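Position 135 (the sequence shown) corresponds to 135 in the UniProt record's numbering; numbering is contiguous.
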Amino acid sequence: MENHSKTILITGITGFTGVYLKKHLEGKGYRVVGFSNSKSDDPTIFHCDLTQPDQVQEVITQLSPDYVVHLAAISFVQHPVTLDFYEVNVLGTQNVLKACLNLTKPVTKILLASSATVYGNQIGSEYHESMNPNPVNHYGISKLAMEQVGKMYWEQLPILMVRPFNYTAPGQESHFVIPKIAAAFTSKAPQLELGNLDVYREYNGVNYVVEVYERLLFSEVTQEIVNVCSGKMHSLHEILDLFSKITGHQPQISINPQFVRPNEIQYLCGSVQKLKLLIELPTNNDLRELLTSFVN
């Protein structure tokens, strides 16, 4: 494959994951374009409201991509406007798929980013793709609905859906837990308010995730749902302890009831077995190395 001859469209290209994915793919020689609801001076990035089907169709037709990575979404679980989850995550996805279906030159592959939150609370701590989804918040419900919309187009478009588990890196929005904790430790804040501490999550590096996305995008696999995970889970207490060792600081930790989510998912760790059958896994960040990147 001559990389420079292939055009990859990323929706949500100015978001946290989009920025890293754009840099990664451009480093491999691909032509990367995208659209975002935010204005940009970059000539390869177009302004587009995902909820407006005519805008989405116009931009996708103009860019005529070979591959599409659909990242654009409302991803903060505590986003205050419930309707946004469904207008952006569900109907926005439908707008993208309809636009791809109307292209004169068919796309080679569409990667739809769902979320591990569709699993909700399950029996056991390692979640695999055959489990029945059981989302417990509007974000998870909207992502499950997005998957169902994607399945409606499986007969017409080459779609692969991914369920990424928690990942992070510098540049992630400050309302997410790792950047929030990192800011408190690096600024030597005397206190840090958090929600439920008795939760266990994967904490993968974003570079691991974007490389998995690339390998899946150029695999032969379509019409599947696959976890993007490492199968390695850590407690929030472990995160706090590591940040303390890295920075030499220990703020007073308190629980703010406003930050405690109802129906909190206690364990969220993915089975990596299916992913390993589809691609060779890239190297993931060591947890200490990942957390240290926030304070250097």
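Cβ atoms here follow ideal geometry from the backbone N, Cα and C, with glycine treated the same way. Nothing here was measured: the structure is a model prediction, and the numbers come from that model.
Would you call residue i buried or exposed, if buried means 16 or more other Cβ atoms sit within 10 Å of its Cβ?
| i | result |
| --- | --- |
| residue 261 | exposed |
| residue 318 | The chain is shown from 1 up to 296; residue 318 falls before or after that span and cannot be answered. |
| residue 303 | Beyond the ends of the chain as shown, which are 1 and 296, falls residue 303; an answer cannot be given. |
| residue 147 | buried |
| residue 46 | buried |
| residue 172 | buried |
| residue 123 | exposed |
| residue 254 | exposed |
| residue 89 | buried |
| residue 102 | exposed |
| residue 104 | exposed |
| residue 283 | exposed |
| residue 132 | exposed |
| residue 156 | exposed |
| residue 256 | exposed |
| residue 299 | In the structure as shown, the chain begins at 1 and stops at 296. Residue 299 is therefore absent and cannot be evaluated. |
| residue 15 | buried |
In its own chain, which residues sit with a C-beta less than 8 angstroms from the C-beta of residue i, not counting the 5 before and 5 after it?
| i | result |
| --- | --- |
| residue 234 | 200, 201, 202, 203 and 287 |
| residue 1 | Confidence in residue 1 is poor, its pLDDT being 45 and thus under 50, which makes the residue's placement too unreliable to answer from. |
| residue 135 | 117, 118, 119, 120, 141, 143 and 144 |
| residue 273 | 128 |
| residue 279 | 212, 215, 216 and 219 |
| residue 84 | 74 |
Nearest to residue i by alpha carbon, out of the options?
| i | options | result |
| --- | --- | --- |
| residue 107 | 153, 139 and 20 | 153 |
| residue 276 | 145, 175, 212 and 78 | 212 |
| residue 215 | 59, 96, 110 and 65 | 110 |
| residue 258 | 22, 169, 194 and 206 | 194 |
| residue 142 | 166, 230 and 82 | 82 |
| residue 52 | 97, 168 and 75 | 97 |
| residue 305 | 205, 75 and 224 | Since the first residue shown for the chain is 1 and the last is 296, residue 305 is missing from the structure and cannot be characterised. |
| residue 206 | 12, 14, 13 and 18 | 18 |
| residue 114 | 130, 155 and 165 | 165 |
| residue 290 | 13, 67, 139 and 170 | 170 |
| residue 294 | 78, 86 and 182 | 182 |
| residue 292 | 168, 16, 40 and 59 | 168 |
| residue 252 | 282, 285, 192 and 92 | 192 |
| residue 75 | 139, 281 and 256 | 139 |
| residue 230 | 220, 221, 256 and 208 | 208 |
| residue 232 | 87, 54, 280 and 285 | 285 |
| residue 91 | 78, 256, 222 and 54 | 54 |
Suppose the cutoff is 6 angstroms on Cβ atoms and the five residues either side in sequence are ignored; what does the same chain contact list for residue i look like?
| i | result |
| --- | --- |
| residue 126 | 269 and 271 |
| residue 94 | 149 |
| residue 188 | 249 |
| residue 69 | 10 and 111 |
| residue 185 | 243, 247 and 249 |
| residue 72 | 11, 12 and 50 |
| residue 20 | 206 and 210 |
Enumerate in chain order the residues of its own chain whose CB-to-CB distance from residue i is below 7 angstroms, with the five nearest sequence positions on each side excluded.
| i | result |
| --- | --- |
| residue 56 | 48, 50, 95, 96 and 99 |
| residue 26 | 32 |
* To do: Count the C-beta pairs between the stretch 30-49 and the stretch 5-16 that are closer than 8 angstroms, then say yes if the count reaches three, no if not.
  => Flag = yes, the stretch 30-49 and the stretch 5-16 touch.
* How about the stretch 155-162 and the stretch 258-273: do they share at least three Cβ pairs that are nearer than 8 angstroms? -> These segments do not touch.
* Asked: Can you list, in chain order, the stretches of the beta strand (DSSP E) that have 3 or more residues and sit fully within the stretch 6-34?
  -> As far as the stretch 6-34 is concerned, its whole beta strand (DSSP E) runs of at least 3 residues are 7-11.
* Asked: Taking three-plus beta-carbon pairs below 8 angstroms as touching, is the stretch 229-248 in contact with the stretch 174-182?
  -> These segments touch.
* To do: With a floor of 3 residues, list each beta strand (DSSP E) that falls wholly inside the stretch 108-134, ordered by position along the chain.
  => Qualifying beta strand (DSSP E) stretches, in chain order: 109-113.
* **Stretch pair the stretch 53-66 + the stretch 116-130: three plus CB contacts closer than 8 angstroms** => Output reads no: the stretch 116-130 does not touch the stretch 53-66.
* Runs of alpha helix (DSSP H) lying entirely within the stretch 60-100, each at least 4 residues, in chain order -> Counting only runs of 4 or more residues that sit fully inside the stretch 60-100, the alpha helix (DSSP H) segments are 82-86, in chain order.
* To do: Please go through the stretch 153-208 and give each complete alpha helix (DSSP H) segment of 4 or more residues, from N-terminal end onward.
  => Runs of the alpha helix (DSSP H) spanning 4 or more residues and lying entirely within the stretch 153-208 occur at 177-186, in chain order.
* For the stretch 214-291, list the beta strand (DSSP E) runs that are entirely contained and at least 3 residues long, ordered along the chain. => The DSSP assignment places complete beta strand (DSSP E) segments of no fewer than 3 residues inside the stretch 214-291 at 224-228, 252-255 and 267-270, in order along the chain.
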